[in-house]
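Undergrad: Residue numbers (our numbering): 256 to 421. Yeah, the Cβ is synthetic: ideal placement off N, Cα and C, and Gly gets one too. For clarity, every value in this text was computed on a predicted model and none was experimentally measured.
#1: Do you know how far the Cα of residue 258 is from the Cα of residue 291?
#2: Thinking C-alpha only, which one of 386, 411, 300 is nearest residue 266?
#3: On the premise that residue 313 lies in contact with residue 301, defined as a C-beta separation below 8 Å, what is that separation, rounded to the nearest angstrom?
#4: Going by DSSP, what residue range makes up the alpha helix (DSSP H) through residue 274?
#5: Select from 283, 341, 294 the residue whose C-alpha is nearest the C-alpha of residue 268.
#6: Exposed or buried, which one is residue 327 when buried takes at least 16 other CB atoms within 10 Å?
#7: Looking only at DSSP bridge pairs, what is residue 349 linked to?
#8: Between which residues of its own chain and residue 305 is the CB-CB distance below 7 Å, once the five residues before and five after are set aside?
#9: Does any residue of chain D have a CB that is nearer than 8 Å to the CB of residue 304?
#10: Bridge partners of residue 386, per DSSP?
#11: Pull up the CB-CB distance for residue 333 and residue 278, whole angstroms please, since I reckon it's below 8 Å.
#12: I'd like to confirm the pairing. Which residues does DSSP put opposite residue 333 in its beta bridges?
#13: Identify, in the order they occur along the chain, each residue of the same chain with its Cβ nearer than 8 Å to the Cβ of residue 310, setting aside the five sequence neighbours on each side.
#14: Once you ignore the five residues that flank residue 348 on each side, which residues in its own chain have a CB closer than 6 Å to its CB?
#15: Tell me which residues share the same chain as residue 401 and place their Cβ nearer than 6 Å to its Cβ, disregarding the 5 neighbours each side in the sequence.
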């Protein structure tokens, strides 16, 4: 296998693994996928401004807007990251992929499901241990279901008994 092909495979594995680990609430595994500082842009979905923060803040149990705080409040998620297109230049790489995210939380405000489809744009760097994600940008294509599912999960992650067991 050529080094270019190996790099493309490793980058693909890294970005797909992000969804896999997120759905399993494997916070240590997720931490290992990112650089120390991570740029995230979900403005197409939430508005606001892009964020640049330490990976520990992104995966914090207490930081408002952190992935972990929100995901721990949900009963289940499934993030399907597919059709990954990779470009590698030296120790930098970019990847674009389709993503389908399904989020579940039983609640008194309608459907327990919120589903969102779109694309991720990743920027990665090569480090001694492999490829690490330094930036994630999400572009929304469509949404279906009850967005209150995510808002309720983020507002009260302790309400989900599964989060306490993790």
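TA: Let me lay it out:
#1: 26 Å
#2: 386
#3: Residue 301 to residue 313, Cβ: 15 Å. No contact.
#4: 258-278
#5: 341
#6: buried
#7: 342, 378
#8: 294, 295, 296, 298
#9: Absent here is chain D; the protein component of the structure consists of one chain.
#10: 381
#11: 6 Å
#12: 357
#13: 286, 289, 290, 291, 292, 293
#14: 266, 379
#15: 365, 366, 369
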